[in-house]
Structure formats: C-alpha cells, structure tokens
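Q: So for the sequence shown, our numbering puts the first residue at 12; every next one is plus one.
Submitted below is the structure of interest, expressed as structure tokens.
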Amino acid sequence: MFSLQNCQLKKAHVKKKRQKTDRSAKTAKHAKALPAAVSAVLDLKDNSVACRNIRIHGRRTSIRLDEQMWQALNEIAEIENCNIHDLCTTVYDSKDRDTGFTAALRIFLMNYYRMTLQNCNSCHHLPDRNGGNDNGST
C-alpha cells in the first residue's frame, strides 16, 4: 500500500545516505593524518611537559605545556610574524576572566589549526616536516 508518509520517509533515508557518502569522501581525503596524530599520542612520555617563561604585558609568567604544544606555538608565531610573547598576550587578553590561561592557549592552538584547514581548499600547498610539499613534489 502506497502512502505519502512512506514516500517522504524513503526520500529522507536516501538523502541521509547521500550525506553520509559525501562526508566519508571528505574524511577519506585527510585519513592519512589520523595515523600520524595517533602515533604522536603514543609517543607521549611523562617528561614531555615543559615549563617555560613567557612575558604577558611585560610581566614574566611560567607556563607548562607539552612539547608538541610549544612547537605549535612557535610555528604559529612564525606564520603570523610575531613572537610567542605577543601571541600569548593576545590569547590572554581574549580569554574569559574565569578561564585558565593554559587551557585558553591549548584551545587557541587547536582552533588555529582547525580554522586553517577549514579555510584551505587543498592541503597540498602546506609544507611537510621535511620542507617539501605534501603532494609529492619537492
């Protein structure tokens, strides 16, 4: 027996299936990043946390971050043509009063890279760790 409700449900199911296929095609493009990210987690050691001094508005303060976070902070500072002190000052001034600074800094680092990827049509132009392009050319 045919009914309009069954027809609409079937259309919704097909549309949902198409969305899953589109989503999986997008994620397949970046699937090779997952093993590298998991590998970095497996390589974490108890002593990978480093405490370093930075200056916020000229006042020295100590921050404890994982080495990977320090590397990301230095990379972003280089990309943005500033030093880590200026970058940290910007994050400090932007955070909520009740939010811890290191938590705000970690969120900033993650969101910076997420926004970079979202604004990027093709990740082939991003340099790899060896200084070449990720697309196989050097």
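From the three backbone atoms N, C-alpha and C, an ideal C-beta is built for every residue, glycine too.
Treat the numbers as computed from the prediction; the structure is a model and nothing was measured.
(1) Considering only residues of the same chain and omitting the five flanking positions on each side of N122, which have a CB-CB separation below 8 Å?
(2) Do you know offhand how far I118's Cα is from Y124's?
(3) At which residues does the alpha helix (DSSP H) containing S105 begin and terminate?
(4) Are the segment 103-110 and the segment 85-95 touching, with three or more C-beta to C-beta distances below 8 Å?
(5) Bridge partners for D77 per DSSP, in chain order?
(6) How about T127 and I74: do their beta carbons lie closer than 8 Å?
(7) Below 8 Å between beta carbons: does that hold for E78 and S59?
A: Reading from the atomic positions:
(1) Against the sequence shown, residue 122 aligns to sequence position 111. Answer for N122: no residue qualifies.
(2) On the sequence shown, position 107 is the one that residue 118 refers to. On the sequence shown, position 113 is the one that residue 124 refers to. Using only the alpha carbons, I get a separation of about 10 Å.
(3) Numbered from its first residue, the sequence shown carries residue 105 at position 94. Residues I95 to S105.
(4) no
(5) Position 66 of the sequence shown holds residue 77. Looking at the DSSP assignment, D77 forms a beta bridge with V60.
(6) Walking along the sequence shown from the start, residue 127 turns up at place 116. Walking along the sequence shown from the start, residue 74 turns up at place 63. Going by C-beta atoms, T127 is not nearer than 8 Å to I74.
(7) Locating residue 78 in the sequence shown gives position 67, where the first residue counts as 1. Locating residue 59 in the sequence shown gives position 48, where the first residue counts as 1. Yes. Within cutoff.
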